[in-house]
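Structure record follows, encoded as structure tokens.
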Amino acid sequence: MAGHSKWANIKHKKAATDAKRGKVWTRLIKEITVGSRLGGGDIATNPRLRLAVEKAADANMPKDNVQRAIARGTGGLDGANYEEVRYEGYGIHGAAIIVECLTDNRVRTVAEVRHAFSKFGGNMGAEGSVAFMFQHCGQFLFAPGTSENALMEAALEAGAEDVLTDDEGGLEVLCAVHDYSSVKQALETAGFKAEVADVVMKSETETVFSGDDAIRMQKLLDALEDLDDVQQVYTNAVIDA
Numbered sequence: 000m001a002g003h004s005k006w007a008n009i010k011h012k013k014a015a016t017d018a019k020r021g022k023v024w025t026r027l028i029k030e031i032t033v034g035s036r037l038g039g040g041d042i043a044t045n046p047r048l049r050l051a052v053e054k055a056a057d058a059n060m061p062k063d064n065v066q067r068a069i070a071r072g073t074g075g076l077d078g079a080n081y082e083e084v085r086y087e088g089y090g091i092h093g094a095a096i097i098v099e100c101l102t103d104n105r106v107r108t109v110a111e112v113r114h115a116f117s118k119f120g121g122n123m124g125a126e127g128s129v130a131f132m133f134q135h136c137g138q139f140l141f142a143p144g145t146s147e148n149a150l151m152e153a154a155l156e157a158g159a160e161d162v163l164t165d166d167e168g169g170l171e172v173l174c175a176v177h178d179y180s181s182v183k184q185a186l187e188t189a190g191f192k193a194e195v196a197d198v199v200m201k202s203e204t205e206t207v208f209s210g211d212d213a214i215r216m217q218k219l220l221d222a223l224e225d226l227d228d229v230q231q232v233y234t235n236a237v238i239d240a
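Numbering that gives the first Met the number 0 puts the sequence shown at residues 0 to 240.
So, in structure tokens, the structure goes:
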């Protein structure tokens, strides 16, 4: 990872997320609604809902909002009927991008996503065109200075699949999606609080951008992130900070 800072990128993304808290809440409400509709309203038996509720707590969302979203998903309240849809495409220099959406109008959503791609130098691809370059997994990122040996011992004992170290001394723990909650709880019990923890599409490769290309690529990613129906944007592009 020489030549760019993963931690600078993480801090930039966290700051951008914090600046859009209202949008974050809207996205979480959608995820809680869909998660409870598909798997029921009990977080003890619905891992997807449990993850969404944990994210809502981290984002300081009021519990009343969470309960209303669960009620809406399980049929207790009226509301929009969201469906999941994923789009794949390419950014500058062929960087891979996955856009995950929850929408009540596919026609509107695909038009907005396609427009963002074309406006900022990218293009949409067919289903499966870039997904093979990503791994669906639980990911925990720990800042440089974290004890590698202690974290590795705790992570592997908790059922994690791998512990990676980057050039800056940051640590990354990976686990299977279905093990995410148990690994997270075990790590926190052992005293390890991740800077970032989530179920993600992790890119298997990286394309590093700097200078004008970095600016152009960031504009494309920001344009996709800003769309109302977009829940997550994943990419193998790394913006050199």
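Here a beta-carbon is modelled for each residue, glycine too, at the ideal position from N, C-alpha and C.
query, result
"Tell me the residue span of the beta strand (DSSP E) that contains Asp197.", "195 to 202"
"Kindly indicate which residue of Val129, Phe141, Ser202, Gln134 has the alpha-carbon position closest to the one of Glu167.", "Phe141"
"With DSSP as the reference, identify every bridge partner of Met123, one or two as the case may be.", "Gly88"
"Taking only three categories from DSSP, how would you classify Ala79?", "coil"
"Determine whether the beta carbon atoms of Thr73 and Gly120 lie at a separation below 8 Å.", "no"
"So who's on the other strand from Tyr233, going by DSSP bridges?", "Ile97"
"In chain order, which alpha helix (DSSP H) runs of at least 4 residues are fully inside the segment 139 to 218?", "147 to 157, 179 to 188"
"Roughly how far, in whole angstroms, is the beta-carbon of Phe191 from the beta-carbon of Ala153, given that I think they are within contact range, below 8 Å?", "6 Å"
"Looking at the structure shown, is Thr32 part of a helix, part of a strand, or coil, going by DSSP?", "helix"
"Assign Ser117 to buried or exposed, taking buried as 16 or more other Cβ atoms, counted over all protein chains shown, within 10 Å of its Cβ.", "exposed"
"Taking the alpha helix (DSSP H) that Ala68 belongs to, which residues open and close that run?", "62 to 72"
"Could you tell me the alpha carbon to alpha carbon distance between Glu143 and Asn80, rounded to whole angstroms?", "Before going on, a small fix: residue 143 reads as Pro here, not Glu. About 43 Å."
"Going by CA-CA distance only, name the one from Asp212, Val229, Ser180, Trp24 that's closest to Pro46.", "Ser180"
"By DSSP, does Thr102 sit in helix, in strand, or in coil?", "strand"
"From the DSSP output, which residues share a beta bridge with Ile42?", "For Ile42, which the question treats as bridged, DSSP gives no partner whatsoever."
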